[in-house]
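Peer 1: Below: one structure in structure tokens.
Residue numbers (the numbering used here): 190 to 457.
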């Protein structure tokens, strides 16, 4: 689909209205906001919607910003994407971490930052200590490191959704245990470190959690993370077909569809 710049705002506005109407009809009704079970009934419908959003991506993103910020004594590199002027802000934000072989640039190249900003969310993707452009190492409490990001000027929006693949579980798992009240949602993608938290603690964490992993993931985390995290009372588990450990790279459309659904549900 080829769209001129003049066509985009009207088509995008119509799409977002129809998508939101369909989401409300299918997923909310009289159910409480924290009910995630209906979420995945709508995926077949919203896959088409997601592809349409992706076709609009390059028209909807304002210039990406690149910064450094001091977090727990570390000069941390990060990328920020904000909604363009013709898209109403959702008031929601997303914090993207990364796996061992990746950086914040991964989310830029994948289109995740563009897509979510185009929908109306503020998106922050960081280079964790020792990775990418963040050359400083960090040997302190990694939960405190994430907390310092949450409390900085980077996330002026309250209660972001935290997306944490693989290695970044070393930062996110403990943070979720200690500060789940600061999040509106948690999306772990086969993260490490889930064995470090007892089931007794996890079963009391009520933050909405989407547990994602690739069906073809041969790493131990593909089994450990879902097994450990599914006890969380407000969690839902989604295996992505024909996807390995970096499931979001193998199946970006499906991953973006999930993310789009989750953000819309949390916005209700």
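Don't be surprised by glycine CBs; every beta carbon is placed ideally from N, CA and C.
1. Check whether the Cβ atoms of residue 380 and residue 410 lie closer than 8 angstroms to each other.
2. When we look at the beta-carbon of residue 328 and count the other beta-carbons within 10 Å, is it buried (16 or more) or exposed?
3. Measure the Cβ-Cβ separation of residue 272 and residue 309 and say whether it is below 8 angstroms.
4. Excluding the 5 residues preceding and the 5 following residue 317 in the sequence, name in chain order all residues of the same chain whose CB lies nearer than 6 angstroms to its CB.
5. Can you list, in chain order, the stretches of the beta strand (DSSP E) that have 3 or more residues and sit fully within the segment 323 to 379?
6. Nearest-angstrom Cα distance between residue 357 and residue 393?
7. CB-CB under 6 angstroms to residue 274, same chain, minus the five flanking residues each way: which ones, in chain order?
8. Leaving out the 5 sequence neighbours to the left and right, which residues in its chain are closer than 8 angstroms to residue 233 when beta-carbon positions are compared?
9. From what residue to what residue does the beta strand (DSSP E) around residue 403 run?
10. Just to confirm the assignment, what range does the beta strand (DSSP E) spanning residue 267 have?
11. Is residue 429 helix, strand or coil when you go by DSSP?
12. Counting C-beta neighbours from all protein chains within 10 Å, is the total for residue 355 16 or more, i.e. buried, or is it exposed?
13. Leaving out the 5 sequence neighbours to the left and right, which residues in its chain are closer than 7 angstroms to residue 337 when beta-carbon positions are compared?
14. Could you give the distance in angstroms between the alpha-carbon of residue 442 and the alpha-carbon of residue 401?
15. Given residue 320, which residues of its chain have a CB within under 6 angstroms of its CB, disregarding the five upstream and five downstream residues?
16. For residue 381, does the three-state DSSP call read helix, strand or coil?
17. Within 10 angstroms of its Cβ, does residue 281 collect 16 or more other Cβ (buried), or is it exposed?
18. Quickly, what does DSSP pair residue 258 with across the bridge? List them, please.
19. Excluding the five sequence neighbours on either side, which residues of its own chain have a C-beta within less than 6 angstroms of the C-beta of residue 429, listed in chain order?
20. Any idea what DSSP makes of residue 284, helix, strand or coil?
21. Run through the DSSP bridge pairs and tell me what residue 312 is partnered with.
22. Spatial neighbours of residue 419 within its chain, please: CB distance less than 8 angstroms, with the 5 preceding and 5 following residues excluded, ordered by chain position.
23. By a C-beta neighbour count over all protein chains shown, 10 Å radius and 16 as the cutoff for buried, is residue 324 buried or exposed?
24. Residue 293 by DSSP, collapsed to three states: which one?
25. Count the other CB atoms within 10 Å of the CB of residue 342; is the residue buried (16 or more) or exposed (fewer)?
Peer 2: Here's the rundown:
1. yes
2. Classification of residue 328: exposed, given that the 10 Å Cβ count is below 16.
3. yes
4. Excluding five sequence positions before and after residue 317, none of the CB atoms of its chain fall closer than 6 angstroms to its own CB.
5. 350 to 354, 374 to 378
6. Linking residue 357 to residue 393 through their CA atoms gives a straight-line distance of about 22 angstroms.
7. none
8. Note that residue 233 scores a pLDDT of 46, beneath 50, so its modelled location is shaky; the value from the coordinates is reported in the next line. For residue 233, where only same-chain residues beyond five positions count, there are no Cβ hits under 8 angstroms.
9. 398 to 403
10. 263 to 270
11. strand
12. Residue 355 is buried by the Cβ-count criterion.
13. By the criterion of a C-beta distance shorter than 7 angstroms, residue 337 is surrounded in its chain by 260, 261, once the five residues flanking it on both sides are discounted.
14. 14 angstroms
15. 292
16. Coil, per DSSP.
17. buried
18. 265
19. Its chain contains 403, 436, 440, 443 as the residues whose beta carbon lies nearer than 6 angstroms to that of residue 429, once the 5 sequence neighbours on both sides are disregarded; these appear in chain order.
20. strand
21. 270, 283
22. 400, 426
23. exposed
24. helix
25. exposed
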